[in-house]
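Heads up, the thing below is written out as structure tokens.
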Amino acid sequence: MGLVAIATGKFLSSFSVFLFLTVLLMVVARRISTSVLLFSLQSAIITAEVFAMGVREKLAAAYVVGALVLLIKVIAIPYAFFRLVDRLKSPRDVKASTTPTQSVFIAGAMIYLSYAAVHSFGQTVHVPEDALAAAVALILTGSFLMVSRKKALMQMLGLLVLENGIFLAALITTFGMPLVIEIGIFFDILVGLLLMGIFTFRIRDTFDHLDVSKLRRLRG
Amino acid sequence: MTTVINVLQALILVLGAPLVSGIVSKIKAWIQRRQGASIWRPYIEIAKLFRKEDLVPPSASWVFRFAPKVLFGTTICAVAFVPVVHPSALLASRGDFFFLVYVLALGRFFLSLGALDGGSAFGGMGASREALVSTLAEAPFLLGLVAISILAAHADIAGMVMWTLQRNVFDISAVHILAFTSLAMVVLAETGRMPVDNPTTHLELTMIHEGMVLEYSGPSLALVEWASAVKLHALLALLISLFGPWGMASTVSVWGTGAALLLYLAKVTVLMILLALVESVVAKLRMYLVPDFLGVAAAVSALAVIFTTLVKG
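Going down the list, the sequences are from chains A and B.
If you count the first sequence from 1, position 83 lands on 83 in our numbering, and the numbers rise without skipping.
If you count the second sequence from 1, position 218 lands on 1218 in our numbering, and the numbers rise without skipping.
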């Protein structure tokens, strides 16, 4: 048992490092489909962390949550996104307002900031520092993606990344929320995605494009 | 005994190099559902070129003849710094990673000079592009290695590999991930692989490396081709030894070395498959986007250096 505990603990901290990589790749991705694939990969890493937490803390509920994350964030949401991109028939470009190099530097600064922010917290409370920093970094870069990308679809994706960060932070600090609340949150995400999907169709139909920076006048 | 192993390592890198490029193009052919040429074809081509006449343009000076030899010599010199099966190398105690980076740069400088000296328009174009790419790739290459060497507190490659070898696989830090990402991008740019340059064709106005070697023929061309194959193999081996050296023989014994060699073959096969996949999936970047690609690599490697303060502190 001792060995398993050590292995899962190591796993939790070292695999969150891969989350940084997905974040960095996501801010340089030039196509929507690449970003969606990266989001799926990111969720898969988080699924693995949920299962590792379940093994370490012997929580049966964690397996249910892990299965839900796998089903919804790794498979269902990316699939829905691909369908959406297909049906919208809009150009594949994400329309970034920063160059890739600038984006990497901004994302890097955010990662550094999140490390600095959790450093004092991690010493008082016994949590894996890398994982908590990854959670904060996901929240920050999620909001950065929402602000800096002009495509309406990328704003949905940014929100989902942000949500991944909040989920990971809850998992690391409190070993996950109660199962009922977790299921409620997943339901929220699905409904939110549905609404935003409808909205993008409406935006496209009224304005003939998905560029939110050009939405300046009311149109009925 | 260690010297024997070190000589063996250099021989593996130099003599195995054409096989590596042969296998990569075979895997690419399979992905494109073609039969592909034999994996031994690069050897046959090099042997054939060595038997042919060396044609030199009438306007070319001695630089043109001299350049392939310098390129091959510097590449061999760089190979002597890369550990393969044992965390040591032939010249490991004679120089650090700065030397490795700049000895490769010296070879490229002479190849560009030779291309300019050849006098064809394509040579000049290829040389100017090569200069652009290598200038931009230099910073991420150096910074990625600097990050690892700060962690390991060693400046020579063998010392860095030794340090990584003593660590646990689970102890990978953000620094390693970032440095690996940037160095992998640099390897693609340095060896003229797909998102930056297309190694398979002469028929594009976008060519970089192929444009430079257009005027070469016979033994000179054989040296250039062999040197670029050796460079690819050596950089792959460098990636393996810096980021995944586990399984290298830590003691000097025949069995340990044999096992380490088998493991090395497995690792290099994985990297070759990855390389072929990247080359088949990714489209070639427009020339004006190459600075963006290398800019991202530079940003990632700068981050890796910054992160060393976090990991240490």
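Using N, Cα and C, we set each Cβ at its ideal position, and we do this for glycine too.
Check your understanding: Between the beta-carbon of residue 1140 of chain B and the beta-carbon of residue 1298 of chain B, is there less than 8 Å?
Key -> One-based indexing of the second sequence puts residue 1140 of chain B at position 140. One-based indexing of the second sequence puts residue 1298 of chain B at position 298. Contact flag set, yes.
Check your understanding: Using a C-beta to C-beta distance shorter than 7 Å, which residues of chain A count as neighbours of residue 1002 of chain B?
Key -> What you label residue 1002 of chain B is simply residue 2 of the second sequence in a count that begins at 1. By Cβ distance, chain A contributes nothing, its closest Cβ being about 33 Å from residue 1002 of chain B, past 7 Å.
Review point. Tell me which same chain residues have a C-beta within less than 6 Å of the C-beta of residue 1012 of chain B, skipping the five on either side of it?
Key: For this step, residue 1012 of chain B is matched to residue 12 along the second sequence. The residues are 1084.
Review point. Is it true that the segment 1049-1061 of chain B meets the segment 1209-1227 of chain B, where meeting means three or more beta-carbon pairs spaced less than 8 Å apart?
Key: yes
Review point. Bridge partners of residue 86 of chain A, per DSSP?
Key: Locating residue 86 of chain A in the first sequence gives position 86, counting from the first residue. Answer is none; residue 86 of chain A lacks a bridge partner.
**Study point:** Proximity below 8 Å, CB of residue 1106 of chain B to CB of residue 1212 of chain B
**Key:** Numbered from 1 along the second sequence, position 106 holds the residue referred to as residue 1106 of chain B. Numbered from 1 along the second sequence, position 212 holds the residue referred to as residue 1212 of chain B. No, they are not a contact pair.
Check your understanding: Is there at least one Cβ from chain A nearer than 8 Å to residue 1253 of chain B's Cβ?
Key -> Counting from 1 along the second sequence, the entry for residue 1253 of chain B is found at position 253. No, residue 1253 of chain B lies away from the interface with chain A (no Cβ there is under 8 Å from its Cβ).
Practice item. Within 10 angstroms of the Cβ of residue 1116 of chain B, are there 16 or more other Cβ atoms? Answer buried if so, exposed if not. Key: For the purposes of this step, residue 1116 of chain B is taken as the residue at position 116 of the second sequence. Buried.
Review point. Taking any Cβ of chain B, which residues in the segment 103-119 of chain A have a Cβ under 7 Å from it, in chain order?
Key: 104, 105, 108, 112 and 115
Review point. From residue 1197 of chain B to residue 56 of chain A, what distance separates their C-alpha atoms?
Key: Within the second sequence, the letter at position 197 stands for residue 1197 of chain B. Within the first sequence, the letter at position 56 stands for residue 56 of chain A. Roughly 47 Å between the two C-alpha positions.
Check your understanding: Do you know offhand how far residue 214 of chain A's Cα is from residue 153 of chain A's?
Key -> Along the first sequence, read from residue 1 onward, the residue named residue 214 of chain A stands at position 214. Along the first sequence, read from residue 1 onward, the residue named residue 153 of chain A stands at position 153. Near 15 Å, if we compare the C-alpha coordinates of residue 153 of chain A and residue 214 of chain A.
Review point. Across which residues does DSSP place residue 149 of chain A in a beta bridge pair?
Key: Counted from its first residue, the first sequence places residue 149 of chain A at position 149. DSSP output for residue 149 of chain A lists A:96 as bridge partner(s).
Review point. Would residue 91 of chain A be called buried (16 or more neighbouring beta carbons within 10 Å of its own) or exposed?
Key: Position 91 of the first sequence, counted from the start, is the residue given in the question as residue 91 of chain A. Flag for residue 91 of chain A reads exposed.
Point to revise | Simplified DSSP state of residue 56 of chain A, which is helix, strand or coil | key: Indexing the first sequence from 1 puts residue 56 of chain A at position 56. Residue 56 of chain A: helix per DSSP, three-state reduction.
Check your understanding: Within 10 angstroms of its Cβ, does residue 1313 of chain B collect 16 or more other Cβ (buried), or is it exposed?
Key -> The count along the second sequence starts at 1 and reaches residue 1313 of chain B at position 313. Only weak support is given to the placement of residue 1313 of chain B: the predicted model assigns it a pLDDT of 47, under 50, and the value that follows is read from those uncertain coordinates. Flag for residue 1313 of chain B reads exposed.
Check your understanding: Hey, is residue 1292 of chain B's beta-carbon within less than 8 Å of any beta-carbon in chain A?
Key -> Locating residue 1292 of chain B in the second sequence gives position 292, where the first residue counts as 1. Output row for residue 1292 of chain B: interface = yes.
**Study point:** Contiguous alpha helix (DSSP H) assignments of at least 4 residues, all confined to the segment 1196-1271 of chain B
**Key:** 1209-1212 and 1218-1243
Check your understanding: Is residue 1296 of chain B close to chain A, meaning its C-beta is less than 8 Å from at least one C-beta of that chain?
Key -> Locating residue 1296 of chain B in the second sequence gives position 296, counting from the first residue. Yes, contact with chain A.
**Study point:** For residue 1193 of chain B, the three-state DSSP class (helix, strand or coil)
**Key:** As a working note, residue 1193 of chain B is residue 193 in the second sequence. Here residue 1193 of chain B sits in coil by DSSP.
Point to revise | Start and end residues, alpha helix (DSSP H) containing residue 1048 of chain B | key: Here residue 1048 of chain B corresponds to residue number 48 of the second sequence, with the count starting at 1. Unbroken alpha helix (DSSP H) run through residue 1048 of chain B: 1041-1051.
Check your understanding: If you run the structure through DSSP and keep just helix, strand and coil, what is residue 1054 of chain B?
Key -> Counting from 1 along the second sequence, the entry for residue 1054 of chain B is found at position 54. Residue 1054 of chain B falls in the coil class under three-state DSSP.
**Study point:** Distance CB(residue 1087 of chain B)-CB(residue 1015 of chain B) smaller than 8 Å
**Key:** By 1-based counting over the second sequence, the position of residue 1087 of chain B is 87. By 1-based counting over the second sequence, the position of residue 1015 of chain B is 15. Against a cut-off of 8 Å, the Cβ pair of residue 1015 of chain B and residue 1087 of chain B comes out as no contact.
Point to revise | Under 7 Å from the C-beta of residue 1303 of chain B: neighbouring residues of chain A | key: Residue numbering aside, residue 1303 of chain B sits at position 303 when the second sequence is read from its first letter. Neighbours of residue 1303 of chain B on chain A, chain order: 108.
Review point. Is there a Cβ from chain B that is less than 8 Å from the Cβ of residue 17 of chain A?
Key: The residue given as residue 17 of chain A occupies position 17 in the first sequence. Residue 17 of chain A counts as touching chain B.
**Study point:** Burial state of residue 1229 of chain B, where buried means 16 or more other Cβ atoms lie within 10 Å
**Key:** On the second sequence, residue 1229 of chain B is found 229 positions in, with the first residue counted as 1. That one is buried.
Point to revise | residue 1313 of chain B (DSSP reduced to helix, strand or coil) | key: Your numbering for residue 1313 of chain B matches position 313 in the second sequence. Unreliable placement is indicated for residue 1313 of chain B, whose pLDDT of 47 sits below 50; the coordinate value is still reported in the next sentence. DSSP places residue 1313 of chain B in coil when its eight states are reduced to three.
Practice item. Sort out for me which residues DSSP pairs residue 31 of chain A with in a bridge. Key: Sequence index remark: in the first sequence, residue 31 of chain A carries index 31 (1-based). BP columns for residue 31 of chain A point to A:93.
Point to revise | Inside the segment 1093-1176 of chain B only - alpha helix (DSSP H) runs reaching at least 4 residues | key: 1097-1118, 1121-1152 and 1157-1165
**Study point:** Contact list for residue 1223 of chain B against chain A, beta-carbon separation under 7 Å
**Key:** Taking the second sequence and counting its residues from 1, the one referred to as residue 1223 of chain B is at position 223. Within 7 Å Cβ-Cβ: nothing; residue 1223 of chain B doesn't reach chain A, min ~36 Å.
Point to revise | Cα-Cα separation, residue 1150 of chain B to residue 1263 of chain B | key: If you number the second sequence from 1, residue 1150 of chain B lands on position 150. If you number the second sequence from 1, residue 1263 of chain B lands on position 263. Whole-angstrom Cα-Cα distance: 27 Å.
Point to revise | Backbone CA spacing between residue 47 of chain A and residue 199 of chain A [nearest angstrom] | key: Translated into positions along the first sequence, residue 47 of chain A becomes position 47. Translated into positions along the first sequence, residue 199 of chain A becomes position 199. Distance between the alpha carbons of residue 47 of chain A and residue 199 of chain A is about 29 Å.
Check your understanding: Thinking C-alpha only, which one of A:175, A:129, A:121 and A:100 is nearest residue 1292 of chain B?
Key -> Here residue 1292 of chain B is taken as the residue at index 292 of the second sequence, counted from 1. Nearest option by C-alpha distance: A:100.
Check your understanding: In the structure shown, what three-state DSSP assignment does residue 188 of chain A receive?
Key -> Taking the first residue of the first sequence as position 1, residue 188 of chain A is located at position 188. Three-state DSSP puts residue 188 of chain A in a helix.
Check your understanding: Relative to the C-alpha of residue 1274 of chain B, which residue among B:1306, B:1239 and B:1006 is closest?
Key -> Taking the second sequence and counting its residues from 1, one reaches residue 1274 of chain B at position 274. Closest by alpha carbon: B:1239.
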